[in-house]
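Numbering (mature numbering (1 follows the signal peptide of the UniProt record, and there is no 0)), first residue to last: -26 to -1, 1 to 257.
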C-alpha cells in the first residue's frame, strides 16, 4: 500500500503541473470545440488485443480505446469512432487529418515524438518477476537477485530479461535459461528457481491461466526499461493533448485508470512510474 500511496502522490504532482500548464497556456482550443460539436472523436486503432480489439459486431474495445472513450466523455465528446489502421499508416493518417487521435499501442520513440504530440503514458509493457506469494526474498530489481548469493532467476534464452539480469550482475550460473512460460511457472512452483522474469503482459497472462494463489507478481521491475504508448495527437493540437492529459492524470490519481486497464493485463503502476519526457528522450 505504501508503494501505491507514493504513486498516487506522484500522479497528484503531475496533475498539478499539467493543470498549471493548461491554465498558463495560450494554445488554440478550437479542436476540442470542434470535436464537441461533432459529437465524437475519430481514433486510429490496430486490431491487436489487449491494446485494441474489434468485435464481430463492430464494437470497439481494448484498453486503449476504453481509456480514450472515458477521457473524451469527460471532455464533453460523447463517443469515439474507430478505424483500423496499419501501424505504419497511423502517423501519416493523423498528419493528413484522417484521424483526430491514435490510440493503438503506438509506443513512444524519439522519432515518433518528433512527429506527433503524445499524451502522458497510457499503456506500458515493463519487465516483471513471478515469485512465490509474499515475495520471500524481497526482490524488486535484478540487482536484488544479484546481491543474494543463493538466488536464481529464470528467463528466456537470449531475451531482454536474460540480458538485464546479467547486466545487473547476476552470475551466469544463476541465470537459468527457460524455454517457455509453462516451464518457468513449473520451475518456480517446484522451487527450482526463485523468480521467473518476463514482460508484465506475459507474466499476467501466465498467472491468470495458472490460477495459483501461491504466486505473486513483482511489476514493474525497478530500474528495468518501461515501454509505453500514449494517445498521439497531430502537431498543432497540443491544446487538445493538454486537455486530454489533465483528465488522464485525474483518472490515474483516482484509481479509475487502474480499473480500466488492469483487467486487460496492463499495469497502472508501470504507466505511473515514467513520463512522456523520459520516454521521448530515451536513447
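Backbone N, C-alpha and C fix where the C-beta goes; we use that ideal spot for every residue, glycine too.
Item	Value
Check this for me: beta carbons of residue 102 and residue 193, under 8 Å apart or not?	yes
Please work out which residues of its chain come closer than 7 Å, Cβ to Cβ, to residue 50, disregarding the five sequence neighbours upstream and downstream, and give them in chain order.	10
Roughly how many whole angstroms lie between the Cα atoms of residue -10 and residue 251?	In this predicted model, residue -10 has a pLDDT of only 48, less than 50, meaning its place in the structure is not dependable; the value taken from the coordinates is given anyway. Using only the alpha carbons, I get a separation of about 13 Å.
By a C-beta neighbour count over all protein chains shown, 10 Å radius and 16 as the cutoff for buried, is residue 219 buried or exposed?	buried
For a quick check, are the C-beta atoms of residue 99 and residue 175 less than 8 Å apart?	yes
Under a three-way DSSP split, which group does residue 83 fall into?	coil
For residue 224, which three-state DSSP category applies?	helix
Which one of 210, 183, 64, 239 has the shortest CA to CA distance from residue 4?	210
Please check if any C-beta of chain E sits within less than 8 Å of the C-beta of residue 103.	Considering every chain present, this structure includes no chain E. It has just one protein chain.
Let me check understanding here. Comparing Cα to Cα, which of 127, 119, 94, 172 lies closest to residue 326?	Missing from the structure shown is residue 326; the chain here goes from -26 to 257 and no further.
So residue 254 and residue 64 are in contact, right, with Cβ under 8 Å, and what is the actual spacing, rounded?	Actually they are not in contact, since the Cβ atoms of residue 254 and residue 64 sit about 17 Å apart, beyond 8 Å.
Can you tell me the Cα-Cα spacing of residue 71 and residue 249, whole angstroms?	26 Å
Could you name the residues that DSSP lists as bridge partners for residue 202?	98
Could you round the C-beta distance between residue 32 and residue 24 to whole angstroms and report it? I think they count as a contact, below 8 Å.	Wrong, their Cβ atoms sit about 18 Å apart, outside the cutoff.
For residue 44, which option in 87, 239, 80, 205 has the closest C-alpha, if you only look at C-alpha atoms?	205
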